[in-house]
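S.K.:
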Amino acid sequence: MSVIKVENISLTYGKGTSFCKTALDDVSFEIEEGEFLGIIGHTGSGKSTLVQLLNGLLKPDQGRILLNGRDIWEKPKQIREVRFKVGMVFQYPEYQLFEETVRKDIAYGPKNMKLSEDEIDKKVTEAARFTGLRPELLDKSPFDLSGGEKRRAAIAGVIAMDPDVLILDEPAAGLDPLGRDALLSQIKDYHDTRKNTVLLVSHSMEDIARISDRILVMNKGKNVMLDSAKAVFSRGRELEAMGLRVPQITRIMMLLREKGIPVDTGALTVEQGFSEVLGCLSQKHAAVKDQ
Amino acid sequence: MGDFITVKDLYFKYEENEDGQESDFALKGIDLTVSRGEFVAVVGHNGSGKSTLAKHFNAIYLPTTGDVIVDGMNTKDDDHVFDIRKKVGLVLQNPDNQIVAGVVEEDVAFGCENLGVPPKEIRKRVDDALKAVDMYEYRLHSPDKLSGGQKQRVAIAGIIAMEPECIVLDEPTAMLDPRGRDEVMSTITRLNRENGITIILITHYMEEAVLAGRVVMIDSGKVFLDGTPGEVFSKVELLKQHRLDVPQATELNYKLKGCGFDVPDSVLTEDECIEAIMKLLKV
């Protein structure tokens, strides 16, 4: 069953002014419960507008958004509930840390949900574990943490609300390759354990390719593709025309294919590309032997 | 050519933190020479000291011990700070933090105005700078309506208009989408090749580092590797141990090499990788 259903939503900023800009134009799609959805698109394609609509920070001009079958704007006064269910981690979330201790900062969301002290404690500990924050950091000031630790603390604050849908906007921006890999695999582990729905917005095609079940591609305010990572990235030329790229390894496979080498252009990791090339090499080897 | 920036046994320590604890040295004995007209990429993981080093090139940070000499001037010499900053411009990660004016061409003119360049000369420099980054047609636009890549190119134009001999860029593409990244990288490469501007590029993206003539890898505040992209990226295992990636093309070639196939020691680009594979497949 779909956890989120988007029906014909449109949104125009600055309506009636000379700065009027259509950010989303008649967008419809469904997100399955428990899936890991990657969202890609060029700057200004409508990705950020879309995710802000999904947790009720923006209201669509037209169309509706169903969360577990119910229109999120059915009772506008209860929109807060939607924001607890659809947790949002913004870009550079570490700038939003504000409490005296990391523990209090992570507890801020659960506290607003009016959970008991015990429950709050439990959620904080769990969230810290999911994001790989060492327990001894919890009683420090968030401002004494390193950049990577601050990022984790901020993400933990959203995870602690135990959302049904977790949205992350460029969670790994500015981290080095190892820090990025570590953070993404923790998010993946969290998703596998918690079995909730995760939406990840990123400009890194390599990261998106590796981690997502399906990928939503936005272009000029419209959703143009929604398919498996393999199917999306096998349409490399179309993505390039939209100002996107495919992972370098996928591009190498695509170019080899264009030269008549029978490799699978859906290879998304170096390992997959390597085994494709090995396959061709062993075929060639067999052919030479036959002659 | 000739030495333009010389870093001699540079040690740097940030001021003590709030608890009064002594912080460790962020840079521990860097020796580095950058020649006029070079394009150097500086890579290293978070906390390796690469951004700290970048801020030494135009006297934003001063060495705790050791020296940084820019075109014969020591950055420690107060009298020269202004001249050094005229010679070495700095572009930062987030374009939104670097744009000050409401119209593109006014933003580009800002630096020149502060240098006291005569108005007629500013007009010419601004036009030339905007043409150099391919943003001339946007000169009358408002910067906040531009894409990330365009904003970053406007920020670069603002530096170019001050006619520096060297531009230091600290992760200029970290916040950009793929097209924006390409735009900024081709602008940087062109400024180096055609205008002879010395470029020092701090980056996490190995695909960008391969475009440089030289790659310097910093780890734990020291220069760990220094060589051509080919030399540095042939050390795949070593780079991985030091929390760095190699381009996927390089890694694929490395795996083939590891299986005993006859491929080059190191490839850097998609085209080189494809050429190597086609050669293997040729009967």
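Just so you know, the protein sequences line up as chains E and P, in that order. Mapped onto the working numbering, the consecutive letters of the first sequence carry residue numbers 4 to 294. Mapped onto the working numbering, the consecutive letters of the second sequence carry residue numbers 2 to 284. Idealized CB from N, CA, C, for every residue including glycine. Every value quoted in this text rests on a predicted model; they were computed, and no experiment measured them.
1. Chain P partners of K262(E), CB-CB under 8 Å?
2. Quickly, what does DSSP pair F262(P) with across the bridge? List them, please.
3. Can you say whether H288(E) is buried or exposed, counting buried as having 16 or more other CB atoms within 10 angstroms of its CB?
4. Would T300(E) pass as an interface residue toward chain P - the criterion being a Cβ-Cβ separation below 7 Å?
5. Please go through the stretch 55-123 of chain P and give each complete alpha helix (DSSP H) segment of 4 or more residues, from N-terminal end onward.
6. Output the distance between the C-alpha atoms of V268(P) and V185(P), rounded to the nearest integer angstrom.
7. From the DSSP output, in three-state form, read off I109(E) for me.
8. Using a Cβ-Cβ cut-off of less than 8 Å, list which residues of the stretch 164-190 of chain E approach chain P; keep chain order.
9. So, under 8 Å CB-CB, P144(P) and I100(P) are touching, yes? Tell me the CB distance rounded to an integer number of Å.
10. Would you grab the beta carbon distance between L178(E) and L186(E) for me? Rounded to a whole angstrom, and I think it's under 8 Å.
11. For my contact list, P3(E) and L245(P) are in at a C-beta cut-off of 8 Å; report their separation, rounded to the angstrom.
12. Considering only residues of the same chain and omitting the five flanking positions on each side of S235(P), which have a CB-CB separation below 6 Å?
13. How many angstroms separate the CA atom of D210(E) from the CA atom of L54(P)?
14. Which partner residues does V89(E) have in the DSSP bridge list?
15. Go to S187(P), then tell me how far its beta strand (DSSP E) extends in each direction, as first and last residue.
16. In chain E, which residues lie less than 9 Å from L257(P) when you measure between Cβ atoms?
17. For D32(P), does the count of other Cβ atoms within 10 angstroms reach 16, so buried, or fall short, so exposed?
18. Taking the C-alpha atoms as reference points, what is the distance between L141(E) and K132(P)?
19. Scan the stretch 197-266 of chain E and note each continuous alpha helix (DSSP H) run of 4 residues or more that stays entirely inside, going in chain order.
20. Is A27(P) helix, strand or coil by DSSP?
21. Roughly how many angstroms lie between the CA atoms of F5(P) and G90(P), to the nearest whole one?
22. With a threshold of 16 other CB atoms inside 10 Å of the CB of Y98(E), please say whether the residue is buried or exposed.
23. Considering only their Cβ atoms, is the gap separating V43(P) from V105(P) smaller than 7 Å?
24. Would the stretch 138-153 of chain P and the stretch 143-154 of chain E be scored as touching if the rule is three or more Cβ pairs under 8 Å?
25. So, does the stretch 114-130 of chain P touch the stretch 173-187 of chain P, judging by three or more C-beta pairs under 8 Å?
26. Note down, in chain order, every chain E residue with its Cβ under 7 Å from the Cβ of R244(P).
27. Comparing the CB of R183(E) with every heavy atom of the ligand ZN, is any distance shorter than 6 Å?
28. Starting from the Cα of L212(P), find the closest Cα among K87(P), S36(P), I70(P), T190(P) and give me that residue.
29. Once you ignore the five residues that flank S49(P) on each side, which residues in its own chain have a CB closer than 6 Å to its CB?
30. Assuming A156(E) and D108(E) make a contact with CB atoms under 8 Å, what is their CB distance in whole Å?
31. Could you check where the beta strand (DSSP E) with I219(P) kicks off and where it finishes?
32. Taking the alpha helix (DSSP H) that K292(E) belongs to, which residues open and close that run?
33. Go through the stretch 39-74 of chain E residue by residue and report every complete run of the beta strand (DSSP E) that reaches 3 residues or more, in order.
34. In chain order, what residues of the stretch 245-275 of chain E put their CB closer than 8 Å to some CB of chain P?
35. E10(E) and R73(E): beta carbons closer than 7 Å?
36. In chain order, what residues of the same chain have a beta carbon less than 8 Å from the beta carbon of L239(P), not counting five sequence neighbours either side?
M.R.: With the given structure in hand:
1. I275, M279
2. According to DSSP, F262(P) bridges with nothing at all.
3. exposed
4. Past the boundaries of the shown model lies residue 300(E); chain E is included only from 4 to 294, so the question cannot be answered.
5. 82-88, 105-116
6. 23 Å
7. helix
8. A176, G177, L178, D179, P180, L181, G182
9. 5 Å
10. 6 Å
11. Any answer about residue 3(E) is impossible in this case: the structure gives chain E only from 4 up to 294.
12. D266, S267
13. 29 Å
14. V168(E)
15. It is not in any beta strand (DSSP E) - S187(P) instead sits in the alpha helix (DSSP H) that spans 179-196.
16. F277, V280, L281, L284
17. exposed
18. 52 Å
19. 208-214, 232-236, 239-244, 251-261
20. strand
21. 14 Å
22. exposed
23. no
24. no
25. no
26. D179, P180, L181
27. Of ligands this structure carries none, so the ligand ZN is not represented either.
28. T190(P)
29. I219, D220
30. 6 Å
31. 215-220
32. 273-293
33. 39-44, 65-70
34. G246, L247, R248, P250, Q251, I252, R254, I255, L258, L259, K262, I264, V273
35. no
36. L226
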